[in-house]
Amino acid sequence: MATSGPSEARTFRPAFRTGERFSRDAKDRPLIVFESVHKSYATGMRVLRGVDLSIGRGEFIFVTGPSGAGKSTMLRTIYGAEGIDEGRITFLGRDVGTVTKQAMPYLRRNVGIVFQDFKLVPTWTIFENIAIALEVAGYAARIIRSRVADALERVGLVGRGDERITVLSGGEKQRVAIARAIVNDPALVLADEPTGNLDPQLAVDILGLFEDMHRAGTTVLFATHDRSLLEVSPHRTLVLDDGRIHDIGAGAVIRASHPIEVPVR
Ligand SMILES: Nc1ncnc2c1ncn2[C@@H]1O[C@H](COP(=O)(O)OP(=O)(O)O)[C@@H](O)[C@H]1O
Ligand SMILES: [Mg+2]
3 MATSGPSEAR TFRPAFRTGE RFSRDAKDRP LIVFESVHKS YATGMRVLRG
53 VDLSIGRGEF IFVTGPSGAG KSTMLRTIYG AEGIDEGRIT FLGRDVGTVT
103 KQAMPYLRRN VGIVFQDFKL VPTWTIFENI AIALEVAGYA ARIIRSRVAD
153 ALERVGLVGR GDERITVLSG GEKQRVAIAR AIVNDPALVL ADEPTGNLDP
203 QLAVDILGLF EDMHRAGTTV LFATHDRSLL EVSPHRTLVL DDGRIHDIGA
253 GAVIRASHPI EVPVR
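The sequence shown: position 108 = 110 (the numbering used here), numbered continuously.
Following this line, the structure appears as structure tokens:
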């Protein structure tokens with residue numbers, strides 16, 4: 003049977019052709035830093051207006067605010083999918099704005115992303131949808147099989163790799179998307195309204211999977227405008243409002259006897 007510990011898997015990691023390595027070793031530094039970040043769209047929409055923020059390694063953070071507040075935009079700036087106009091974003095010790103186009107895929111390998119609409123390939127199997135994240139990174143087939151099996155176990159889909167996406171429920175699809183996001187053991191997992199298409203009980207179950215990742219040491223940024231989820235767990239919560247971030251700490255939503263600046267769905 004194929005067995006692969008993390009160190010063995012690491013030796014299969016392809017060389018960084020560009021010579022740019024995104025070290026995960028600097029444990030004392032924050033994982034993500036925003037310094038005076040401004041971001042507008044060409045439409046004139048000013049989404050981020052001087053955002054300062056520091057996110058430590060291993061944190062679980064809720065990002066909330068009404069629809070259109072800029073939650074998705076903020077997440078996308080971290081992995082360079084959206085450029086910024088002013089300021090600086092540092093991720094894994096690197097200024098994201100100076101990462102070359104050639105090096106960007108290596109930065110993104112450190113990020114697992116989960117979306118509201120799953121973004122799975124419906125005609126592929128569960129296995130194929132998860133394995134793709136490792137295939138593009140050049141892992142050997144034996145390693146891929148073993149790591150996909152591990153990821154399926156972590157999301158509660160043991161032994162179901164051969165099933166097609168089309169026959170799955172919404173909750174199962176989101177579990178597959180989560181397995182794909184974590185199969186590469188990324189430093190950071192970004193969840194952009196991952197429960198938006200799920201009913202309330204499933205949403206709580208899915209939140210639990212992200213909390214499992216957090217307990218295993220992964221940094222999680224979970225964007226949601228669902229106040230009931232914020233009430234489930236007392237994690238540090240950032241409220242995006244009018245281009246600014248208000249850090250209301252952990253548990254503020256639960257303690258508030260009246261609706262604070264957190265939007266109610
Ligand atoms: N690619 C884009 N081009 C222009 N405007 C955009 C684009 N993406 C988002 N926006 C606008 O920026 C604002 C923030 O959007 P978004 O980050 O998606 O907010 P949220 O995720 O909180 O709903 C909204 O007004 C939205 O219409
Ligand atoms: Mg959004």
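Where a beta carbon is used, it is the ideal one built from N, C-alpha and C, also for glycine.
Chain-order list of residues whose beta-carbon lies under 7 Å from that of residue i (same chain, five-residue window excluded)
i           : result
residue 219 : 60
residue 1   : Nothing in the structure corresponds to residue 1, since the chain is present only between 3 and 267.
residue 183 : 114, 115, 116 and 191
residue 131 : 122, 123, 167, 178 and 182
residue 135 : 182, 185 and 186
residue 268 : Within the shown structure, residues of the chain are numbered from 3 to 267, placing residue 268 beyond reach of any answer.
Chain-order list of residues whose beta-carbon lies under 8 Å from that of residue i (same chain, five-residue window excluded)
i           : result
residue 78  : 84
residue 72  : 41, 49, 50, 242 and 245
residue 20  : Its pLDDT being 40, under 50, residue 20 is placed unreliably by the model, and the measurement read from it follows with that caveat. Taken in chain order, the residues that qualify are 102, 104, 105 and 108.
residue 188 : 111, 112, 113, 114 and 220
residue 125 : 166, 167 and 168
residue 86  : 39, 40, 41, 50, 79 and 99
residue 238 : 61, 62, 63, 64, 249, 251 and 252
residue 161 : 154
Contact set for residue i: own chain, Cβ-Cβ below 6 Å, skip 5 residues either direction
i           : result
residue 282 : No information on residue 282 is available, as it lies outside the stretch 3 to 267 that the chain covers here.
residue 174 : none
residue 172 : 199 and 200
residue 98  : 82 and 91
residue 159 : 177
residue 17  : Bear in mind that the predicted position of residue 17 carries a pLDDT of just 34, short of 50, making it unreliable; the figure below should be weighed with that in mind. Contacts found: none.
residue 216 : 62 and 222
residue 96  : none
Cβ neighbour criterion (16 or more within 10 Å) applied to residue i
i           : result
residue 144 : exposed
residue 226 : buried
residue 221 : buried
residue 88  : exposed
residue 47  : exposed
residue 193 : buried
residue 107 : exposed
residue 30  : exposed
residue 169 : exposed
residue 54  : exposed
residue 247 : buried
residue 75  : buried
residue 100 : exposed
Rounded distance between the beta-carbons of residue j and residue i, thought under 8 Å
i           : j           : result
residue 146 : residue 137 : 7 Å
residue 212 : residue 185 : Wrong, their Cβ atoms sit about 15 Å apart, outside the cutoff.
residue 57  : residue 33  : 6 Å
residue 209 : residue 223 : The Cβ separation is near 13 Å, so there is no contact.
residue 156 : residue 214 : 7 Å
residue 52  : residue 69  : Not really, about 22 Å apart at Cβ, beyond 8 Å.
residue 197 : residue 228 : 7 Å
The stretch 195–211 contacting the stretch 42–53, beta-carbon criterion three pairs below 8 Å: no
Below 5 Å from a heavy atom of ligand 1 - residues by beta-carbon: 43, 45, 47, 49, 69, 70, 71, 72, 73, 74 and 75
Three CB pairs or more closer than 8 Å across the stretch 234–254 and the stretch 62–80: yes
Cβ contact (3+ pairs, closer than 8 Å) linking the stretch 115–131 and the stretch 165–181: Cβ pair count under 8 Å is three or more, so yes.
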